[in-house]
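Residue numbers (the numbering used here), protein chains in the order written: chain A, 469 to 690; chain B, 10 to 93.
In this text, a Cβ means the ideal position worked out from N, Cα and C, and glycines have one as well.
The next block holds one structure in the form of structure tokens; read it before the comments.
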């Protein structure tokens, strides 16, 4: 962030601190959402370096927070103005700058190896898609219920083997096999407690099937 | 009010019944053969600034000879699926 006047470091830090917690933000002029002030939660702002009018910081925020807007709002509070100079996303959900982070050169080299018969590098780069679902509450189901779910059937309670302990009603949940494969996304119809205690009824309705039909044998009647 | 980032949430699994899985069907995601790995796979890609996510997805489709690929929207994470 570039500040538009010389501001004392203590003031800068204090103002940045004010921008943690709940903030109100109006989406910028050119935005793909309705332009009305909305609440966003800033979990943390860590200042790394202040050099003259330039401030380098990491901001951990809720999805949908505009960083450019955050910088200019900070400038407003400082009453001198400020703008965002450079931005890098260092984390989005389960994706962060770890050993899985790959650039295009590495990908293209791994692809050439693969075409030459060596898939080791490509296997390391490509992550199972289940990784993208690891922040959703899970319900793990029996082999015998898998193909029905693949055909879009509701998940009935007898099919449930294991589940996240904190599911509410009407929440987005991921249905998994006992081998850890994602089967479908669904909407919970009961709480974890109810799913554990009851024997009859519907645990979740399927919204989006991921697994190919026929991966597991059909144990249900047409 | 202190809210934690979604990835800090501590998820816990509880058993309803005890059950085993038949090894003849399906397979653990980490054991998927390369073709299926690509079909049901994603890449945590370090996108250079400049080209749009959409352009980068097009390059990846070309490099990997895929018929379908997409990116995770604001996640900016190209997700490879369905090889030709």
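So with Cβ pairs under 8 Å, would you call residue 70 (chain B) a contact of chain A?
-> no
Start and end of the alpha helix (DSSP H) containing residue 606 (chain A)?
-> Counting along the chain, residue 606 (chain A) falls outside any alpha helix (DSSP H), though it belongs to the beta strand (DSSP E) covering 606-609.
Answer yes or no: do residue 589 (chain A) and residue 600 (chain A) have a C-beta to C-beta separation smaller than 8 Å?
-> Not closer than 8 Å, so no.
Secondary structure at residue 660 (chain A), three-state DSSP: helix, strand or coil?
-> Looking at residue 660 (chain A) - three-state DSSP - the assignment turns out to be helix.
Go ahead and label residue 91 (chain B) buried or exposed: buried means 16 or more other beta carbons lie within 10 angstroms of its beta carbon, across all protein chains shown.
-> Annotation note: pLDDT 46 at residue 91 (chain B) (below 50); position unreliable, coordinate value reported separately. Of the residues assessed, residue 91 (chain B) falls on the exposed side of the cut-off, its CB having fewer than 16 other CB atoms within 10 angstroms.
Output the boundary residues of the beta strand (DSSP E) element that contains residue 529 (chain A).
-> 522-529
Proximal residues to residue 679 (chain A) (C-beta, below 6 Å), its chain only, five neighbours per side dropped = 618 and 651
Start-to-end residues for the alpha helix (DSSP H) that takes in residue 65 (chain B) = 62-73
Same chain, Cβ closer than 7 Å to residue 568 (chain A), five either side skipped, listed in chain order | 595
Would you grab the beta carbon distance between residue 654 (chain A) and residue 675 (chain A) for me? Rounded to a whole angstrom, and I think it's under 8 Å.
-> Indeed, because the Cβ distance is near 6 Å, the residues count as touching under 8 Å.
Answer yes if the region 532-548 of chain A comes into contact with the region 486-501 of chain A, meaning at least three C-beta pairs across the two stretches below 8 Å, and no otherwise.
-> yes
Indicate the three-state DSSP secondary structure (helix, strand or coil) for residue 562 (chain A) in the structure shown.
-> coil
Do residue 525 (chain A) and residue 514 (chain A) have their CB atoms nearer than 8 Å?
-> yes
Scan the region 644-655 of chain A for residues whose Cβ lies nearer than 9 Å to a Cβ of chain B and list them as they occur along the chain.
-> Correct list: 645, 646, 647, 648, 649 and 650.
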